[in-house]
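Each residue of the sequence shown is one higher than the last, beginning at 41 in this note's numbering.
Encoded as structure tokens, the structure appears first; notes follow it.
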Amino acid sequence: MGRAPSSVLTFLRQIPRQNPNAQIRNLSVETQQLYTDIAKQVCQISRTKPRWEQALLSDFPSFNFNDTLFFRELLKHQNNVLLSIGFFHWLHSHYNFLPDLDSCNVLFDSLVEAKAYKAATDFLDSTGFSPNPDSLERYIQCLCEGGLIEEALGVFLKLKEMGVCGSIKTWNSALSGCIKAGRTDLIWKLYQDMIESGVVADVDAETVRYLIQAFCKDGKVSRGYELLRQVLDDGLDPGNVAFNKLISGFCREKNYGRVSELLRTMVARNCAPDNFTYEEVINGLCKRRKRLEAYRVFNDLKERGYAPDTVMYTTVIHGLSKMGWLGDARKLWFEMINKGLRPNEYTYNTLIHGYCKIGNFAEARKLYSEMCERGYRETTVTYNTMIQGLCLHGRMGEAYQLFEEMTQKGIVRDVITYNTLIQGFCKEGKIVDSTNLLKELLAHGLQPSTSSYTPLIEKLCQVGDVQEAKNLWNEMCNRGLEPMIRTHDYIIIGLCGEGYVVEAMHWLMEMLKSKLKPKQETFERLVQCLSQNGRLDDSLLVLDLMCRIGYALEEAICHSLVTKLCKENSHLVETFLGDILERN
Numbered sequence: 041m042g043r044a045p046s047s048v049l050t051f052l053r054q055i056p057r058q059n060p061n062a063q064i065r066n067l068s069v070e071t072q073q074l075y076t077d078i079a080k081q082v083c084q085i086s087r088t089k090p091r092w093e094q095a096l097l098s099d100f101p102s103f104n105f106n107d108t109l110f111f112r113e114l115l116k117h118q119n120n121v122l123l124s125i126g127f128f129h130w131l132h133s134h135y136n137f138l139p140d141l142d143s144c145n146v147l148f149d150s151l152v153e154a155k156a157y158k159a160a161t162d163f164l165d166s167t168g169f170s171p172n173p174d175s176l177e178r179y180i181q182c183l184c185e186g187g188l189i190e191e192a193l194g195v196f197l198k199l200k201e202m203g204v205c206g207s208i209k210t211w212n213s214a215l216s217g218c219i220k221a222g223r224t225d226l227i228w229k230l231y232q233d234m235i236e237s238g239v240v241a242d243v244d245a246e247t248v249r250y251l252i253q254a255f256c257k258d259g260k261v262s263r264g265y266e267l268l269r270q271v272l273d274d275g276l277d278p279g280n281v282a283f284n285k286l287i288s289g290f291c292r293e294k295n296y297g298r299v300s301e302l303l304r305t306m307v308a309r310n311c312a313p314d315n316f317t318y319e320e321v322i323n324g325l326c327k328r329r330k331r332l333e334a335y336r337v338f339n340d341l342k343e344r345g346y347a348p349d350t351v352m353y354t355t356v357i358h359g360l361s362k363m364g365w366l367g368d369a370r371k372l373w374f375e376m377i378n379k380g381l382r383p384n385e386y387t388y389n390t391l392i393h394g395y396c397k398i399g400n401f402a403e404a405r406k407l408y409s410e411m412c413e414r415g416y417r418e419t420t421v422t423y424n425t426m427i428q429g430l431c432l433h434g435r436m437g438e439a440y441q442l443f444e445e446m447t448q449k450g451i452v453r454d455v456i457t458y459n460t461l462i463q464g465f466c467k468e469g470k471i472v473d474s475t476n477l478l479k480e481l482l483a484h485g486l487q488p489s490t491s492s493y494t495p496l497i498e499k500l501c502q503v504g505d506v507q508e509a510k511n512l513w514n515e516m517c518n519r520g521l522e523p524m525i526r527t528h529d530y531i532i533i534g535l536c537g538e539g540y541v542v543e544a545m546h547w548l549m550e551m552l553k554s555k556l557k558p559k560q561e562t563f564e565r566l567v568q569c570l571s572q573n574g575r576l577d578d579s580l581l582v583l584d585l586m587c588r589i590g591y592a593l594e595e596a597i598c599h600s601l602v603t604k605l606c607k608e609n610s611h612l613v614e615t616f617l618g619d620i621l622e623r624n
């Protein structure tokens with residue numbers, strides 16, 4: 041817009057400059073109208089001009105923007121709270137301007153309503169303004185929705201200093217924020233504060249729901265269950281979410297008796313289990329390899345009139361595929377389609393994985409083509425699924441072709457892609473190919489996992505290259521990766537195979553110090569190797585440790601050891617070996 045009209049400028053020049061924060065208590069009608077007109081023009085300029093500050097100073101050279109009454113007028117007409125706070129910061133930085141209490145309340149409440157929690161916090165910091173309790177409670181809810189839980193707890197302290205407890209709605213918003221942020225430690229701190237504030241007597245079903253969720257997140261499902269029973273007796277119903285979390289928790293603990301009881305309780309209280317509840321049960325059963333039970337629950341659910349969605353169908357199809365029941369999985373596939381439910385990318389990958397697992401790659405590729413034709417993009421997950429199936433059946437040439445095809449099609453190879461091929465080539469005894477893949481993985485900047493190294497270490501130990509296996513072990517540990525327990529066994533058995541019995545003993549002792557349990561084969565191989573090398577005392581020591589852990593020495597190895605001891609020192613048979621066998 042152009043410069044201010046000359047009549048306005050003429051009037052402005054007649055208004056003397058005011059001291060910062062000076063208030064004109066009795067404005068004439070003409071002056072009030074002028075403030076309104078200028079406020080509207082300022083709002084328009086700030087919305088339309090990128091450098092509105094210079095435009096204001098240019099268009100209104102004599103006007104005193106540093107006037108609390110004008111600022112009030114501006115807030116009335118500015119419909120964008122972020123522009124209002126921007127105007128305030130400009131005044132504050134140039135004139136050390138501070139609004140009056142009413143303007144502070146209006147601006148702060150508007151920022152909170154707009155969920156602009158950072159701007160609201162900055163406003164409090166720059167003005168030292170203390171909002172009223174109701175505004176602070178809304179501010180707490182705003183902070184919690186933004187995930188700033190600890191900041192919200194600080195505002196609770198401010199309320200406490202003002203002698204205000206806060207409504208149960210405010211406390212619940214804080215509990216909800218803690219759940220979303222995964223901060224169960226803060227939930228219990230909040231709950232303690234609720235007890236001290238006396239607000240616990242007002243807890244409602246929502247409060248209980250958050251506490252039950254916290255118990256489940258902390259792995260204390262039984263405590264959550266006890267709380268549920270207590271509040272149900274008191275007439276409170278925390279809703280399906282609380283039941284679902286408990287059901288999910290008990291599924292993880294394989295406590296299906298409690299799961300059944302919770303489902304019956306829901307039905308008895310007319311709190312009908314929904315699809316999500318059954319999804320939790322079915323998913324929990326599938327993860328615990330109780331896929332047959334999951335299938336029965338799914339069929340029972342349909343008989344009761346529930347309409348399973350794509351997610352539930354996919355979960356059951358996945359479980360059936362894992363069991364190798366591809367016929368039943370395919371039947372559910374067509375049932376889902378006939379009901380108007382469209383298979384998603386995960387559903388396709390689930391069935392493709394099932395076919396790859398049984399070696400039916402023709403059907404897997406057919407499904408893959410169908411998936412692409414339906415508009416689903418070619419993904420790393422799908423390629424990994426097919427590569428894994430081919431490796432499982434020793435078809436490494438075809439697996440590597442798919443690996444090469446990924447680059448040609450611009451599909452990203454991830455660590456799982458490399459790990460699958462590394463393991464596949466190791467099974468084929470192709471250590472060079474596996475090593476090259478590991479080097480390529482590292483060269484591409486991917487973060488290797490323990491599974492990137494373990495197959496190579498195992499195979500190197502089997503072929504007698506224990507030194508290279510130890511080099512890979514050190515490299516793995518230097519990257520902060522924790523070796524699998526069985527990797528220690530590979531090294532010990534490999535050292536025994538090369539005759540390094542002293543070093544093998546050292547590795548065994550380190551395992552035991554770390555409270556790791558070696559395999560029985562590891563003990564047996566070391567006992568055999570020690571006795572063959574004439575280290576009878578050490579062989580008896582290892583035998584004793586083996587028996588203490590609960591393993592029994594294989595009969596053939598035992599006969600061999602007794603024969604060796606009788607030849608070298610028959611006294612050892614009667615004393616040490618006899619004591620070991622008798623004690624264990």
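Built from N, CA and C at the ideal position, the CB exists for glycine as well.
Note that the structure is a prediction, hence the values are computed from the model and not measured.
- For His129, the secondary structure class from DSSP, reduced to helix, strand or coil, is helix.
- DSSP places Asn378 in the helix class (H, G or I) of the three-state scheme.
- Between the C-alpha atoms of Ile462 and Arg298 there is a straight-line separation of about 43 Å.
- Membership of Ile219 in the alpha helix (DSSP H) is indicated by the continuous run Ile208 to Ala221.
- Every candidate beta strand (DSSP E) stretch fails here, since none sits fully inside the segment 111-157 while reaching 3 residues.
- 8 Å or more divides the Cβ of Tyr395 from the Cβ of Leu381.
- The criterion of a C-beta distance shorter than 8 Å is not satisfied by Asn424 and Thr447.
- Within the segment 173-210, the complete alpha helix (DSSP H) segments at least 4 residues long are 173-185 and 189-201, listed from N- to C-terminus.
- In chain order, Ala439, Thr460 and Gly464 place their CB closer than 6 Å to the CB of Cys431, counting only its own chain and leaving out the 5 sequence neighbours on each side.
- CA-CA distance, Met524 to Leu276, rounds to 48 Å.
- The continuous stretches of alpha helix (DSSP H) do not include Ala592, and DSSP gives it neither H nor E.
- For Ile451, the secondary structure class from DSSP, reduced to helix, strand or coil, is coil.
- Between Arg249 and the set Lys285, Arg519, Ala483 and Asn573, the nearest pair of CA atoms involves Lys285.
- The DSSP-derived three-state label of Arg417 is coil.
- If only uninterrupted beta strand (DSSP E) runs of at least 3 residues are considered, none is enclosed by the segment 467-523.
- The Cβ neighbour count for Phe374, taken over all protein chains shown within 10 Å, is under 16; the residue is labelled exposed.
- Residue range Thr224 to Ser237 is occupied by the alpha helix (DSSP H) that includes Trp228.
- For the options Ile322, Gln560 and Leu96, the alpha carbon positioned closest to that of Gln81 is the one of Leu96.
- Every alpha helix (DSSP H) stretch that sits fully inside the segment 239-267 and reaches 4 residues is listed by chain position as 245-257.
- Going by C-alpha positions, Lys371 is about 11 Å away from Leu391.
- Bounds of the alpha helix (DSSP H) holding Leu535 are Ile525 to Gly537.
- Taking Ala160 as the centre and dropping the five residues before and after it, the same chain places the C-beta of Phe148, Leu151, Val152, Tyr179 and Cys182 closer than 8 Å to its C-beta, in chain order.
- A contact between stretches requires three or more CB pairs, one per stretch, nearer than 8 Å, and the segment 261-268 fails this requirement with the segment 230-241.
- Remark: C-beta atoms of Gly279 and Cys256 do not approach each other more closely than 8 Å.
- Taking C-beta atoms as the reference points, Ala282 and Ile235 fail to come closer than 8 Å.
- In the three-state scheme derived from DSSP, where H, G and I count as helix and E and B as strand, Lys330 is classed as coil.
- The DSSP-derived three-state label of Ala159 is helix.
- In the displayed model, Arg435 falls within coil according to three-state DSSP, outside both helix and strand.
- Contact between Gly367 and Cys326 is absent: CB atoms are separated by about 18 Å, not below the 8 Å threshold.
- Note on Gly217: 16 or more other CB atoms within 10 angstroms of its CB, so buried under the neighbour-count rule.
- Excluding residues up to 5 positions away in sequence, Leu176, Tyr179, Ile180 and Leu183 lie with their Cβ nearer than 8 Å to the Cβ of Val195 in the same chain.
- Residue Glu93 holds the alpha-carbon nearest to the alpha-carbon of Ser133 among Leu141, Glu93 and Gly434.
- Counting along the chain, Asp77 sits inside the alpha helix (DSSP H) bounded by residues Val69 to Thr88.
- Per DSSP, Phe100 lies in no alpha helix (DSSP H) segment and is marked neither H nor E.
- The C-alpha of Val271 lies about 20 Å from the C-alpha of Ile219.
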